[in-house]
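Only one structure is covered here, and it is reproduced in the block below.
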Amino acid sequence: MQDFNLPAIPEICRRWKIAKLWLYGSAARGELKPDSDINLLVAFEPGIVPDLDELDKLEEELFPVFGRPIDLLTKGSIRNPFLRASIEKDLKVLYAAPHPAP
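Each residue of the sequence shown is one higher than the last, beginning at 229 in my numbering.
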């Protein structure tokens, strides 16, 4: 998948208590262009609700993994059913916690 530093993802996800991280959009479809950003969907472990500043920090931490700007959505933030369907058709799992917290 491009020249992404995917081996760095599990440690970042563990540190941020991420249960699942997906790639979607042009990168997931294999249509990445030089000016494309990286679209990521994240689901946090139960009880973890980061604020906007924390999500910005997570985007900054993920930038070196992909070498491109990150557009990060949380799974619970997608309210529009058409947007949800559009995102879900492209999803590629990048990380799934081996034993999500109860």
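Every residue gets a Cβ at the ideal spot worked out from N, C-alpha and C, and that includes glycine.
Query raised in the report: Taking buried to mean at least 16 other C-beta atoms within 10 Å of its own C-beta, is V270 buried or exposed?
Result: buried
Report task. Examine the Cβ distances between the region 230-250 and the region 268-285 and report whether three or more of them are shorter than 8 Å. Result -> yes
**Report entry** L234: first and last residue of the uninterrupted beta strand (DSSP E) it sits in
**Finding:** Unbroken run through L234: none, as it is neither H nor E.
Query - Neighbour-count burial assignment, F294, 16 or more Cβ in a 10 Å radius - result: buried
Query raised in the report: Tell me which same chain residues have a C-beta within less than 6 Å of the C-beta of P330, skipping the five on either side of it?
Result: Because P330 sits at a pLDDT of 48, beneath the cut-off of 50, its placement in the model cannot be relied upon, and the following sentence gives the value as read from the coordinates. None.
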